[in-house]
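Reviewing the structure listed below.
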Amino acid sequence: MDPISNMIIMMKNASLRGKASVQVPYSKLKNEIALCLQKEGYVSEISKKVKKGFPTLELSLVYVDKMPKITDVERVSKQSRRVYFALKDIHQVRNGSGLLVLSTPKGILSGRDARREHVGGEVLFKIW
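Residue numbers for the sequence shown follow this note's numbering, so the first one is 6 and each next one is one higher.
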């Protein structure tokens, strides 16, 4: 399975189950995605830990009035089909209540930050 898909599905399932945090295998890309989600308010804390000799990321999930902030995710660009958005194609997700995460030449950015930086890139996933 795709590592990014695995990460976002683990986060979604943990939040829907009411878990306070989730641990995912560590990679630099996953760390950058987690930092983007933290900046946008979907993750409160990020810590790198070692579990059974392997590095992991522990992500503390955000809840608003005991309801999970992450209710669903959609992987857009997959290993078999890459999807790229130019600056003009970057749009709001769920009328502004969701988030588009892109891999750009300036790093992993949210849709808002990519528009602010005037860059396009590969659309990784949508989260709301």
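For each residue, glycine too, the CB sits at the ideal point set by N, CA and C.
The model shown is predicted, which means the values in this text are computed figures rather than measured ones.
Through-space distance from residue j to residue i, alpha-carbon basis
| i | j | result |
| --- | --- | --- |
| glutamine 43 | isoleucine 51 | 8 Å |
| valine 128 | lysine 35 | 15 Å |
| glutamate 79 | lysine 57 | 31 Å |
| serine 20 | tyrosine 31 | 19 Å |
| arginine 120 | tyrosine 47 | 20 Å |
| isoleucine 113 | methionine 6 | 21 Å |
| serine 49 | lysine 74 | 11 Å |
| alanine 91 | glycine 126 | 7 Å |
Simplified DSSP assignment, three categories, for residue i
| i | result |
| --- | --- |
| methionine 6 | coil |
| lysine 56 | strand |
| arginine 120 | helix |
| serine 20 | helix |
| isoleucine 75 | coil |
| glutamate 63 | strand |
| glutamate 50 | strand |
Chain-order list of residues whose beta-carbon lies under 7 Å from that of residue i (same chain, five-residue window excluded)
| i | result |
| --- | --- |
| glutamate 45 | Leu104 and Ser115 |
| lysine 111 | Glu122 and Val124 |
Selected residue, minimal CA-CA separation from residue i, among the options
| i | options | result |
| --- | --- | --- |
| arginine 99 | Asp77, Ala119, Asp118 and Arg22 | Asp77 |
| histidine 96 | Phe130, Leu40, Ile75 and Lys17 | Phe130 |
| tyrosine 68 | Glu122, Arg22, Gln28 and Tyr89 | Arg22 |
| lysine 71 | Ala25, Lys111 and Ser85 | Ala25 |
| lysine 83 | Ser108, Asp118 and Glu63 | Ser108 |
| glutamate 37 | Met15, Ile9 and Lys17 | Ile9 |
| leucine 66 | Val88, Arg86 and Met15 | Met15 |
8 Å Cβ shell around residue i - same chain, five flanking residues per side excluded
| i | result |
| --- | --- |
| proline 60 | Pro30, Tyr31, Lys53 and Lys54 |
Other residues of its chain near residue i: CB distance less than 6 Å, five sequence neighbours each side excluded
| i | result |
| --- | --- |
| glutamate 63 | Ser26, Gln28, Ser52 and Lys54 |
Ordered list of alpha helix (DSSP H) runs contained in the stretch 82-126, each at least 4 residues
Fully enclosed alpha helix (DSSP H) runs of 4 or longer: 116-122.
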